[in-house]
Amino acid sequence: MTSTLITGANKGLGRETARRLLADGHEVWLAARNPQRGEATAGELGGRFVQLDVTDEASVTAAAEVVAAESGALDVLINNAGIGGGFRPLAETTPEDVRRVFETNVFGIVRVTRAFLPLLERSSNPVIVNVSSGMGSVAVTTDPGRFESTLIGLAYPASKTALNMITSQYAKAYPRMRINAVDPGYTATELNGHRGTKTVQEGAEVIVRMARLDASGPTGAFLDSEGSVPW
Ligand code: NAP
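Taking this note's numbering, I'd label the letters of the sequence shown as residues 63 to 293.
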């Protein structure tokens with residue numbers, strides 16, 4: 063059985079991805095920082111809960127130990143947990159504002175990936191999906207035809223740009239693994255006060271598709287529901 067762990071799985075895109083992969087027959091670890099929220103969602107969907115706060119080294123290490131003890135290996139890691147951090151005017155944005163978003167969206171992903179790499183290396187078909195954003199693409203955010211070009215902010219867009227490079231570097235270092243970044247598109251979740259124009263079913267589609275890759279699939283790519291996203 064394919065063993066899959068999703069960070070931030072208690073709501074939004076993570077929850078919908080968990081629902082879809084459980085329907086596919088995956089063993090899904092719903093990782094959440096809050097035990098009440100995580101256990102409730104895992105119970106509703108029929109997945110397994112593990113406590114994991116991406117900003118907390120001890121919790122990430124403990125989660126990897128739980129998955130190692132119970133599943134033995136991990137086939138699919140979905141780095142989904144993320145925060146928006148608010149889009150303050152640039153003149154008011156402090157280094158602390160940027161650092162706070164990077165703690166979750168960038169350093170959190172490095173922490174989780176590092177902790178789970180040994181378990182992924184035990185898989186015959188290891189896959190990592192990093193949930194990025196069109197907001198992390200310099201090309202998309204400077205294209206006047208794209209909605210993303212109308213939003214100006216430092217922390218969130220820069221965090222997703224960093225995540226894109228991190229994805230590319232991991233993909234080069236681990237050629238046996240399929241490691242890709244995805245843009246779900248502007249999706250109605252708590253991250254944007256449910257203003258997104260896509261449903262979670264539509265947004266999760268590319269996450270699920272990349273989670274299902276086998277060894278013939280792409281790696282080191284940045285994809286949305288239409289295909290390649292320019293970096
Ligand atoms: P969401 O509904 O706000 O869900 C975010 C999830 O991340 C929640 O489960 C949240 O847990 C979790 N999380 C936040 N900080 C965490 C931490 N330190 N440790 C563990 N979990 C943490 O937002 P979403 O839209 O589904 O976001 C999922 C991903 O999609 C994010 O990476 C986001 O950047 C990306 N994305 C979203 C959109 C969009 O339009 N919605 C577009 C492009 C990319 P709590 O419930 O405990 O807060």
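By construction, the Cβ of each residue, glycine as well, lies at the ideal position given by its N, Cα and C atoms.
- request: Pick out whichever of 117, 252, 114, 138 has its Cα sitting closest to the Cα of residue 64.
  value: 138
field: Cα-Cα separation, residue 226 to residue 218
entry: 13 Å
message: With the cut-off set at 7 Å, would you say residue 291 and residue 224 are in Cβ contact?
response: no
field: Local Cβ density within 10 Å of residue 200, reported as buried at 16 or more and exposed below that
entry: exposed
field: Proximal residues to residue 299 (C-beta, below 6 Å), its chain only, five neighbours per side dropped
entry: Nothing about residue 299 can be reported from this structure: the residues present for the chain run from 63 to 293 only.
message: Alpha carbons only, please: which of 97, 143, 172 is nearest the one belonging to residue 230?
response: 172
- prompt: Using CA coordinates, which residue listed in 140, 141, 157 is at the minimum distance from residue 147?
  reply: 157
task: Would you grab the beta carbon distance between residue 141 and residue 174 for me? Rounded to a whole angstrom, and I think it's under 8 Å.
output: 6 Å
- prompt: Which residues in the same chain as residue 243 place their Cβ atom closer than 7 Å to its Cβ, once the five residues preceding and following it in sequence are excluded?
  reply: 192, 194, 225, 226, 229, 284
query: So, using beta-carbon positions, are residue 287 and residue 268 closer together than 7 Å?
result: yes
query: CA-CA distance, residue 279 and residue 79?
result: 19 Å
query: Per DSSP, what kind of secondary structure is residue 260 in: helix, strand or coil?
result: strand
task: Can you tell me which of 214, 131, 260, 190 puts its alpha carbon nearest to the alpha carbon of residue 281?
output: 190
query: Distance, Cα to Cα, residue 214 vs residue 207?
result: 15 Å
message: I need the DSSP call for residue 71, collapsed to helix, strand or coil.
response: coil
field: Cβ shell of residue 293 (< 8 Å), same chain only, five flanking positions each side left out
entry: 199, 200, 201, 226, 284
query: Looking only at DSSP bridge pairs, what is residue 243 linked to?
result: 192, 284
- request: Use the C-beta contact count for residue 93: other C-beta atoms within 10 angstroms, 16 or more gives buried, fewer gives exposed.
  value: buried
- request: Kindly indicate which three-state DSSP category residue 111 falls into: helix, strand or coil?
  value: strand
- prompt: Which partner residues of residue 66 appear in the DSSP bridge assignment?
  reply: 90, 138
task: With a floor of 3 residues, list each beta strand (DSSP E) that falls wholly inside the stretch 156 to 234, ordered by position along the chain.
output: 189 to 193
- prompt: How is residue 290 classed by DSSP in three states: helix, strand or coil?
  reply: strand
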